[in-house]
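Asks:
Residue numbers (my numbering): 11 to 507.
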């Protein structure tokens, strides 16, 4: 029996101004598998005094963290390890005092990267893990700096590192730990002044969509989802969260639904910086990116992982890992897209809706490797718990729910925020029909079916006498018509005249 070739390990360590992170991964079938993720709140930037000297206490916290990291690095070759320091270590006048001992502890060099290089690596992390076409504006709020980037594909067009961060702003504008309108106003105004120099060139360059790649943005999104909002971050939602925070007198009293204790301390300062960015750059909406600095470091080391379509890379990897019949999956996808084309222009669908239908068709059998009987539930579990670069949290949720219902029992979709509810229902209906029409797994025996649509009423038309010649498919289609109609989604099956 042949042994499986195990891919090598890679390690990326980010000595951030707020937290130190270590990420250990390996490449499997075109995707990155996380093997270890270790994070410690070191708050290095909080140890900087007025002369930009790191305190002994802050350095000690960092060294203790690195001693833990060092244990995991012992078996990883030096060429597959990258360690970078960011804003706090760029700023500290006594950074060498920290670094000399840190290098001795880790046994590897530490690269203190300039702000623009940090922005470049962050952009690579976003580009390799986030979907979306066109130019993207990327925002990463760190402990002592905020990186703002515009790029398209894997190419950054504008790179800026601003000297504003959630730890430094905490120490400057919320030092008394009071959540007053005055403190928020001062923090927001100061951030706006730092952002102002990039406003004109960034607006001229423009962008199609905006993503946030930081713990601040992740924390805000988690709060919004916990409070029943969708995952899109908007200025009105940020202002709503500011009002919630100001209901508490002191930072230590914060008890906002969805806010973790770990993020509470830097929540007001990070929120202030994000509000300033939204107002100054006139950002309409923002979503959470799939990766940032650490992901960019790893993908820089894995040159073979560069792929123009991140979502396609993810789908191909899943098909390989779970032994999906790709030829059949592509046939179902082509059939589903053909049925959707029949419904145009009565059903107006956007690119995101079409892409989710395609993804659902390509992955519809992903759960059968675990078991046929509950393959839909298995598929939903896998989708909702796997890392899926190129898909947002809301898109993962909807994709899982589509796959849960791709055959057999049909129930209404739960609330979701990836696409309009009516579009989600429509692609579920078409996915189920495509799966039935392709059940013989041979395109030579697939009928030339097409749909007509009248508002919510679908009619599937098949060649004359075809149903009589294919009684099993007829029975499955008639059962599907009853299921959809019973849910208020009228469907009729008939033969051409």
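Backbone N, C-alpha and C fix where the C-beta goes; we use that ideal spot for every residue, glycine too.
Fair warning: this is a prediction, and the values are worked out from it, not measured in the lab.
(1) If you draw a straight line from the alpha carbon of residue 76 to that of residue 380, how long is it in whole angstroms?
(2) Got a sec? Which residues, its chain only, sit under 6 Å from residue 455 by beta carbon, not counting five neighbours each side?
(3) Let me check understanding here. Comparing Cα to Cα, which of 473, 164, 141 lies closest to residue 362?
(4) According to the Cβ coordinates, are residue 377 and residue 388 closer than 8 Å?
(5) Using DSSP with H/G/I as helix, E/B as strand and the rest coil, what is residue 425?
(6) Relative to the C-alpha of residue 284, which residue among 420, 304, 56, 205 is closest?
(7) For residue 161, does the three-state DSSP call read helix, strand or coil?
(8) Alpha helix (DSSP H) containing residue 230: first to last residue?
(9) Given that a residue counts as buried once 16 or more other Cβ atoms are within 10 Å of its Cβ, and exposed if not, what is residue 78?
(10) DSSP state of residue 137, grouped into three classes?
(11) Could you check which residue in 226, 311, 138 has the C-alpha nearest to that of residue 281?
(12) I'd like to check one pair, residue 286 with residue 198: are the Cβ atoms closer than 8 Å?
(13) What does the Cβ neighbour count give for residue 26, buried or exposed, with the cut at 16 atoms within 10 Å?
(14) Where does residue 20 fall in DSSP's three states?
(15) With DSSP collapsed to three states, give me the class of residue 12.
(16) Which ranges would you report for the alpha helix (DSSP H) in the stretch 143-201 if only whole runs of at least 4 residues count?
(17) If contact is defined by three or more beta carbon pairs under 8 Å, each pair taking one atom from either stretch, is the stretch 394-402 in contact with the stretch 132-147?
(18) From the DSSP secondary-structure annotation, give me the bridge partner or partners of residue 220.
(19) Which residues bound the alpha helix (DSSP H) around residue 344?
(20) Which partner residues does residue 43 have in the DSSP bridge list?
(21) For the beta strand (DSSP E) that residue 505 lies in, which residues bound it at each end?
(22) Give the C-beta separation of residue 23 and residue 132 to the nearest angstrom, bearing in mind that I take them to be a contact with Cβ-Cβ under 8 Å.
(23) Go ahead and pull the three-state DSSP assignment for residue 492.
(24) Within the same chain, show all residues whose beta-carbon is closer than 6 Å to that of residue 375, passing over the 5 residues directly before and after it, in chain order.
Replies: If we stick to the structure as given:
(1) As a position in the chain shown, residue 76 is number 66, starting the count at 1. As a position in the chain shown, residue 380 is number 370, starting the count at 1. So the two alpha carbons sit approximately 40 Å from each other.
(2) Numbered from its first residue, the chain shown carries residue 455 at position 445. Within the same chain, residue 455 has no close Cβ partners at all.
(3) Taking the chain shown and counting its residues from 1, one reaches residue 362 at position 352. Looking at the Cα atoms, 141 is the closest of the given residues.
(4) Locating residue 377 in the chain shown gives position 367, where the first residue counts as 1. Locating residue 388 in the chain shown gives position 378, where the first residue counts as 1. Yes. Within cutoff.
(5) The residue given as residue 425 occupies position 415 in the chain shown. Residue 425: coil per DSSP, three-state reduction.
(6) Position 274 of the chain shown, counted from the first residue, corresponds to residue 284. Cα-wise, what sits closest to residue 284 is 205.
(7) In the chain shown, counting from the first residue as 1, residue 161 sits at position 151. Of the three classes helix, strand and coil, the one that applies to residue 161 here is strand, per DSSP.
(8) As a first step, residue 230 is located in the chain shown; it is residue number 220 there, counting from the start. Per DSSP, residue 230 belongs to the alpha helix (DSSP H) from 225-236.
(9) Here the question's residue 78 lines up with position 68 in the chain shown. Label assigned to residue 78: exposed.
(10) Locating residue 137 in the chain shown gives position 127, counting from the first residue. Three-state result, residue 137: helix.
(11) Counting from 1 along the chain shown, the entry for residue 281 is found at position 271. With distances taken between Cα atoms, residue 281 lies closest to 226.
(12) Position 188 of the chain shown, counting from 1, holds the residue named residue 198. Position 276 of the chain shown, counting from 1, holds the residue named residue 286. Closer than 8 Å, so yes.
(13) Along the chain shown, one-based indexing puts residue 26 at 16. Answer is buried; the Cβ neighbour count reaches 16.
(14) As a first step, residue 20 is located in the chain shown; it is residue number 10 there, counting from the start. In this structure, residue 20 counts as strand in the three-state DSSP scheme.
(15) Counted from its first residue, the chain shown places residue 12 at position 2. At residue 12 the pLDDT is 46, less than 50, meaning the model places this residue with poor confidence; the figure from the coordinates comes in the next sentence. Residue 12 falls in the coil class under three-state DSSP.
(16) 176-183
(17) yes
(18) Within the chain shown, residue 220 is the residue found at index 210, counting from 1. In DSSP, residue 220 forms a bridge with 147.
(19) As a first step, residue 344 is located in the chain shown; it is residue number 334 there, counting from the start. 336-352 is the extent of the alpha helix (DSSP H) around residue 344.
(20) Against the chain shown, residue 43 aligns to sequence position 33. DSSP output for residue 43 lists 36 as bridge partner(s).
(21) By one-based count along the chain shown, residue 505 stands at place 495. Residue 505 -> beta strand (DSSP E) spans 501-505.
(22) The residue labelled residue 23 in the question sits at position 13 within the chain shown. The residue labelled residue 132 in the question sits at position 122 within the chain shown. Going by Cβ atoms, the distance from residue 23 to residue 132 rounds to 15 Å, so no, they are not a contact pair.
(23) Within the chain shown, the letter at position 482 stands for residue 492. Helix at residue 492.
(24) Within the chain shown, the letter at position 365 stands for residue 375. Same-chain partners within the cutoff: 334.
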